[in-house]
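What follows is a set of notes on a single structure, which appears directly below.
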Amino acid sequence: MAATATTNTVATNSAQTFDKKTWMGGVEPMNASYGKLMMWFFLISDTFTFSALLVTYGLIRYSYPAWDPAIYGEVFKFSNLYWPTPEKVYNAVPFLHGVDAPLIFVGIMTFILIFSSVTMVLAVEAGHRMDRKDVEKYMLWTILGGLTFLGSQAWEWSHFIHGTETGTVVSELVNGQTIQRTIFGANLVENQYGPPAFADLFFFITGFHGTHVFSGVVLNILIFYRAATGLYDRRGHYEMVEKVGLYWHFVDLVWVFVFTFFYLV
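Numbering (UniProt numbering), first residue to last: 1 to 265.
Next comes the structure, spelled out in structure tokens:
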């Protein structure tokens with residue numbers, strides 16, 4: 001009886017300790033602070049938004065045929081009859097005019113963004129060590145990576161909007177007569193590279209992701225300023241660096257899927 005009572009007491013105490021630590025009104029359910037928990041909730045909701053956009057892209061993309069040389073000719077040409085081939089659309093590199101370099105520039109952009117995620121990891125690790133100088137250093141590298149990515153995306157948008165030098169000739173029926181005109185670049189109405197939906201999705205999804213990157217850069221600058229002024233030293237922890245780091249890693253991960261859908265599929 002004594003042994004049973006002791007066992008029950010130990011089990012009760014363990015359960016009470018677990019409940020109190022985890023769910024009984026503590027500030028850190030599942031050992032996660034309120035701030036980190038809310039960040040995870042936000043990222044999960046944002047995941048649904050990006051998932052819906054990419055699923056929509058996939059459905060529209062596969063409602064159009066791909067270029068088939070047996071049907072449309074051996075030489076690839078942009079046409080609204082089929083979905084454009086990514087290697088033919090994203091083949092330009094700044095300062096290398098006329099050079100055909102398929103996906104090279106967007107590959108560099110991707111590397112820069114992933115590298116900025118590495119520096120963010122190092123900033124979080126430095127925060128755990130309460131190393132203010134290292135936090136500042138790695139946050140600066142992260143900010144630089146984000147700004148470089150945004151600048152690269154701005155150039156890519158500019159090139160996409162202006163189009164190629166030759167443009168694409170399209171035929172239109174006007175007042176019962178067929179006329180031909182040349183389209184240069186893409187906008188929300190017409191698209192040199194293929195169906196208008198291709199440009200619409202490109203602007204919306206990459207722009208939505210770019211807005212996230214811009215927001216992340218602003219947050220990173222704020223974190224750097226607060227770290228440099230010693231705010232987190234006075235608080236006694238650098239948890240805010242970790243919370244913003246979660247957001248930055250999410251932005252990087254989403255870009256991997258955007259890159260896959262737009263540039264590889």
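Ideal Cβ positions, reconstructed from N, Cα and C, are used throughout, including at glycine. This one's a predicted model, so the numbers in the text were calculated from it and none came from an experiment.
C-alpha distance - residue i paired with residue j, whole-angstrom precision
{"i": "residue 212", "j": "residue 108", "result": "19 Å"}
{"i": "residue 192", "j": "residue 183", "result": "5 Å"}
{"i": "residue 125", "j": "residue 189", "result": "48 Å"}
{"i": "residue 95", "j": "residue 87", "result": "19 Å"}
{"i": "residue 220", "j": "residue 34", "result": "20 Å"}
{"i": "residue 93", "j": "residue 150", "result": "15 Å"}
{"i": "residue 45", "j": "residue 74", "result": "45 Å"}
{"i": "residue 252", "j": "residue 112", "result": "10 Å"}
{"i": "residue 201", "j": "residue 234", "result": "46 Å"}
{"i": "residue 196", "j": "residue 160", "result": "13 Å"}
{"i": "residue 127", "j": "residue 222", "result": "15 Å"}
{"i": "residue 215", "j": "residue 69", "result": "43 Å"}
{"i": "residue 155", "j": "residue 90", "result": "12 Å"}
{"i": "residue 263", "j": "residue 99", "result": "18 Å"}
{"i": "residue 67", "j": "residue 77", "result": "9 Å"}
{"i": "residue 240", "j": "residue 39", "result": "11 Å"}
DSSP beta-bridge partners of residue i
{"i": "residue 114", "result": "None, per the DSSP bridge assignment."}
{"i": "residue 66", "result": "83"}
Residues near residue i in its chain [Cβ-Cβ closer than 6 Å; skip 5 each side]
{"i": "residue 169", "result": "180 and 182"}
{"i": "residue 208", "result": "none"}
{"i": "residue 267", "result": "The first residue shown for the chain is 1 and the last is 265, placing residue 267 beyond what the model contains."}
{"i": "residue 153", "result": "210"}
Beta-carbon proximity list for residue i, same chain, < 8 Å, skipping 5 on both sides
{"i": "residue 72", "result": "79, 81 and 82"}
{"i": "residue 267", "result": "Residue coverage of the chain in this structure runs from 1 to 265, which leaves residue 267 outside it and unanswerable."}
{"i": "residue 217", "result": "143, 146, 147 and 150"}
Quiz prompt | the region 137-146 / the region 100-119 touching (three or more Cβ pairs under 8 Å) | solution = Touching, yes.
Exercise. Would you be able to state if there are at least three C-beta pairs under 8 Å between the region 131-139 and the region 224-232?
Key: Three or more pairs of CB atoms, one per stretch, sit closer than 8 Å, so the region 224-232 contacts the region 131-139.
Quiz item: Does the region 99-108 come close enough to the region 68-83 that 3 or more CB-CB pairs lie under 8 Å?
Solution: No, the region 68-83 does not touch the region 99-108.
Quiz prompt | beta strand (DSSP E) runs contained entirely in the region 182-232, provided each spans 3 or more residues | solution = Taking only runs of at least 3 residues, no beta strand (DSSP E) segment lies wholly in the region 182-232.
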